[in-house]
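Visitor:
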Amino acid sequence: MSNLFERLLWAKSHLEPFQSQYAVVFEHDMDEPVAVMHPDPNWMACAIAGDILPPVEVYQQLEIIDGKVTNGYILHDRSIPAITEEEAIEYLIQKDIPQHVWQVNSGNRSKFRICKRDQIPSARLYRNAWALTL
């Protein structure tokens, strides 16, 4: 099996980017405005194609000491099969959003929402005032 970087390079040149219809709105810090995560179309193509990305648990097992990853070789060992668009969004939540945001027992309210891209205002005029509502 090739390493992750080689698999990503192959995917960039051979796969058609896939624009997801979903976005994730989340509160990283209660005193800060909400953040919005839009999946990269090239990454989504890799997830949907399969056999390119490592399991999400691998990212959670990375050891970072003084800003450097000491066990990066674990990214290259395994890859996941093809997943759906919805499963890819769940993967990204666990990979890219801080654990205290998505962890079930981390508070008494939900700190993120998965929504359609068209539900997010395109104007950023009042973005610093955005908050999650039920």
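Just so we're aligned, residue 1042 is where the sequence shown starts under our numbering, counting upward by one.
No residue lacks a Cβ here, since even glycine has one placed at the ideal position from N, Cα and C.
Could you spell out where the alpha helix (DSSP H) holding MET1071 opens and where it closes?
Guide: No alpha helix (DSSP H) contains MET1071, which DSSP labels as neither H nor E.
Visitor: To test your reading of the DSSP string, which unbroken alpha helix (DSSP H) runs of 4 or more residues are found completely within the region 1106–1148?
Guide: 1126–1137 and 1140–1143
Visitor: Out of LEU1094, LEU1166 and MET1078, point me to the one whose CA is closest to ILE1124's CA.
Guide: LEU1094
Visitor: Which residue marks the beginning of the alpha helix (DSSP H) containing ARG1048, and which one marks its end?
Guide: 1045–1055
Visitor: Let me confirm a value: MET1085 is counted as buried when at least 16 other C-beta atoms fall within 10 Å, else exposed. Which label applies?
Guide: buried
Visitor: On the DSSP letters alone, give me the boundaries of the alpha helix (DSSP H) that ALA1018 sits inside.
Guide: Outside the displayed range of the chain (1042 to 1175) lies residue 1018, so it cannot be described from this structure.
Visitor: My guess is that TYR1114 and LYS1136 are in contact by the Cβ rule of under 8 Å, so how many angstroms apart are they, rounded?
Guide: Rounded, the Cβ-Cβ distance is 18 Å, inconsistent with contact.
Visitor: Give a yes or no on whether the C-beta atoms belonging to CYS1156 and ALA1064 are separated by under 8 Å.
Guide: yes
Visitor: Starting from VAL1097, trace the alpha helix (DSSP H) both ways and give me its first and last residue.
Guide: 1097–1101
Visitor: Note down, in chain order, each residue of its chain lying with its Cβ closer than 8 Å to the Cβ of ALA1090, except the 5 sequence neighbours on either side.
Guide: ALA1052, LEU1056 and ALA1123
Visitor: I'd like to check one pair, PRO1082 with PHE1046: are the Cβ atoms closer than 8 Å?
Guide: Result no, Cβ atoms of PHE1046 and PRO1082 do not sit closer than 8 Å.
Visitor: For ARG1048, I'd like the list of residues in its chain whose CB is within less than 6 Å of its CB, leaving aside the five on either flank, ordered along the chain.
Guide: ILE1093
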